[in-house]
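Residue numbers (my numbering), protein chains in the order written: chain A, 1 to 414; chain B, 415 to 614. Structure first, then comments.
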């Protein structure tokens, strides 16, 4: 511990690859250069992270994107007000299924091309075939109820005409146990971040059928959740940390640094897995199972495409899905809480002195950008998107009532 | 007036620690205590046990799964909150520091549950202390073995008596401000690298 540091910050993280920007900030000197002594604590569950933020052990932590919303909306047993001034990246997840389910889907036209619509149609046909034969519903796992994984899995299934609340079962399994649960038949499929999809493929026990980057291009995943009380008391420390994270994220994105990043994450105190296992998320080159492989554009972005900007439209989309699946009631009060959770203002004010490109708006119409687009922003050279949903839908945060209503009536018709 | 005894479920993968907590609860007069080490099929077990209080270790990676189950499952008769009183910050901190968490069926009175939590916290702390002492004893034993080997090397290579060999190790350790066990380990490693195989 360097005693001379201006700011002492304690942060929690889960051993997942997308904690890389936070880990690299501490390990490679980005935090120290901003006068921060950053102490990192590895945790074993999201519940632990939430508890330790709530009682003040941690100032901030690596969190699932919807988790701070869930805290502020009172959906968790123990919570404190948590805000999001920084996003840790876009994409990174896959949907992986067992060999048996893949065989069933292939019989209904699935191809190893990761196309969400084709895969969803085949899965739907298989589910109806199984139901007609009186078999148990397929069981899928996600890492947490309030996670991007849960919401993107449900979004994909629902858009393909499968009711995730009735036609399949969704359970919670910790990421490192996913591949094992699949191999032993306790679950039939799962949605999780890398490397836990490639792990099942490498073991010969699973097939990747689609990816987050194709269900919703450049969509939000993990964030930095900050204890609000601390953020208000220590604005300088927070701003310094956001600058350190910015530099760290830029470094993590650069392919020239991938080898070193993988070596840092391979240490037992962090991800603790061999560098080779981390390559698919860094390169976007994925083995899908059965010898098929694909290069996926924008599979995981720790920095590019404004990946660190905490878009209010991302938080609001998570909120619409919480409403959609009955996690929270849609009220003006709850909507206001969701709107105030992500804090682009803090991101912007911390990074302004660096003269880097910043988006001009706090929200965007999600799904509107069909191609990568240079946007009018402060600074130079900011490219966004594409950010399309695979089903062509648009989420306009200004039309949130209509979006929620349309999804609810679609559900009632199923 | 007789009140129904509270059903307490302890979920801990560490069997020794679980046994210590169970014993503590029984000594305190709780007869309806169940211990689960493996969470496989836990939903069914919870439906059978109908616990009023669930005590779980914080290292358990299945906490997220369990919380989701407590919130959704038909197996749990009433909604479950963590701890009895969210405003009791000190109690919550003590529990997290000790590495334990508790879930309590809504509506239970604080004075009925608090002794159970206090018991779990103190037993968790006692277990950590015991584990630490055990670890210290083990490394003490290890270092004594290494010192014996280092003495043997010195006695053989420099023709010293056992006492003189020990004195030399101790003096070197003092001069270098290191532990005698570390000096002994360095000597054994160096001898292994330099010499023909030791006869030991």
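Glycine included, each C-beta is placed from N, C-alpha and C at the ideal position.
Between the CA atoms of residue j and residue i - distance to the nearest angstrom
i, j, result
"residue 266/A", "residue 134/A", "46 Å"
"residue 70/A", "residue 383/A", "30 Å"
"residue 542/B", "residue 548/B", "10 Å"
"residue 11/A", "residue 476/B", "21 Å"
"residue 555/B", "residue 598/B", "13 Å"
"residue 303/A", "residue 88/A", "8 Å"
"residue 391/A", "residue 103/A", "25 Å"
"residue 346/A", "residue 82/A", "13 Å"
"residue 415/A", "residue 432/B", "For residue 415/A there is no data in the structure shown, the boundaries of chain A being 1 and 414."
"residue 393/A", "residue 372/A", "18 Å"
"residue 297/A", "residue 284/A", "7 Å"
"residue 301/A", "residue 600/B", "47 Å"
"residue 233/A", "residue 44/A", "28 Å"
"residue 286/A", "residue 115/A", "14 Å"
"residue 422/B", "residue 444/B", "8 Å"
"residue 172/A", "residue 142/A", "5 Å"
"residue 242/A", "residue 291/A", "42 Å"
"residue 613/B", "residue 584/B", "Reliability of the predicted coordinates at residue 613/B is poor, the pLDDT of 49 falling under 50, and no value is obtained from them."
"residue 427/B", "residue 474/B", "7 Å"
"residue 253/A", "residue 502/B", "44 Å"
"residue 193/A", "residue 92/A", "6 Å"
Contact set between residue i and chain B, taken where Cβ atoms lie within less than 8 Å
i, result
"residue 174/A", "475, 476, 478, 479"
"residue 44/A", "472, 473, 474, 475, 477"
8 Å contact criterion, which residue i and residue j should meet: CB distance rounded
i, j, result
"residue 527/B", "residue 535/B", "In fact, because the Cβ distance is near 12 Å, the residues do not count as touching under 8 Å."
"residue 509/B", "residue 480/B", "Between residue 480/B and residue 509/B the Cβ distance is about 16 Å, and since that is not below 8 Å, they are no contact."
"residue 97/A", "residue 127/A", "So it is not a contact: roughly 12 Å between Cβ atoms."
"residue 309/A", "residue 213/A", "That belief does not hold up - the Cβ atoms of residue 309/A and residue 213/A are roughly 18 Å apart, past 8 Å."
"residue 397/A", "residue 349/A", "Actually they do not touch by this definition, with Cβ atoms about 22 Å apart."
"residue 31/A", "residue 38/A", "4 Å"
"residue 538/B", "residue 512/B", "4 Å"
Partner residues on chain A for residue i, Cβ-Cβ distance less than 7 Å
i, result
"residue 472/B", "48"
"residue 542/B", "What residue 542/B touches in chain A: nothing, since even the nearest Cβ is about 16 Å away."
Sub-9 Å separation of residue i and residue j beta-carbons
i, j, result
"residue 196/A", "residue 176/A", "yes"
"residue 65/A", "residue 222/A", "yes"
"residue 595/B", "residue 567/B", "no"
"residue 245/A", "residue 226/A", "no"
"residue 318/A", "residue 148/A", "yes"
"residue 211/A", "residue 375/A", "no"
"residue 99/A", "residue 204/A", "yes"
"residue 240/A", "residue 34/A", "yes"
"residue 124/A", "residue 170/A", "no"
"residue 314/A", "residue 386/A", "no"
"residue 19/A", "residue 282/A", "no"
"residue 117/A", "residue 108/A", "no"
"residue 187/A", "residue 198/A", "no"
"residue 264/A", "residue 61/A", "no"
"residue 236/A", "residue 7/A", "yes"
"residue 54/A", "residue 78/A", "yes"
"residue 404/A", "residue 330/A", "yes"
"residue 41/A", "residue 52/A", "yes"
Interface residues of chain A facing residue i [CB-CB closer than 8 Å]
i, result
"residue 510/B", "51, 52, 55, 57"
"residue 536/B", "What residue 536/B touches in chain A: nothing, since even the nearest Cβ is about 19 Å away."
Local Cβ density within 10 Å of residue i, reported as buried at 16 or more and exposed below that
i, result
"residue 455/B", "exposed"
"residue 338/A", "buried"
"residue 571/B", "exposed"
"residue 451/B", "exposed"
"residue 467/B", "buried"
"residue 418/B", "exposed"
"residue 439/B", "buried"
"residue 280/A", "buried"
"residue 365/B", "The question about residue 365/B has no answer, for chain B in this structure spans 415 to 614."
Proximal residues of chain A, C-beta to C-beta of residue i below 9 Å
i, result
"residue 557/B", "Those within 9 Å of residue 557/B in chain A number zero; the least Cβ separation is about 24 Å."
"residue 427/B", "Ordered by position in chain A, no residue passes the 9 Å Cβ test against residue 427/B, which lies about 11 Å from the chain."
"residue 507/B", "55, 56, 57"
"residue 575/B", "Result: empty, since nearest Cβ-Cβ is about 44 Å, beyond 9 Å."
Under 9 Å from the C-beta of residue i: neighbouring residues of chain B
i, result
"residue 145/A", "478, 481, 482, 485, 486"
"residue 397/A", "The premise fails here: residue 397/A is roughly 28 Å from chain B at the closest Cβ pair, so nothing lies under 9 Å."
Distance cut-off 8 Å: residue i Cβ against heavy atoms of the ligand HEM
i, result
"residue 320/A", "No copy of the ligand HEM occurs in the structure displayed, which carries no ligand at all."
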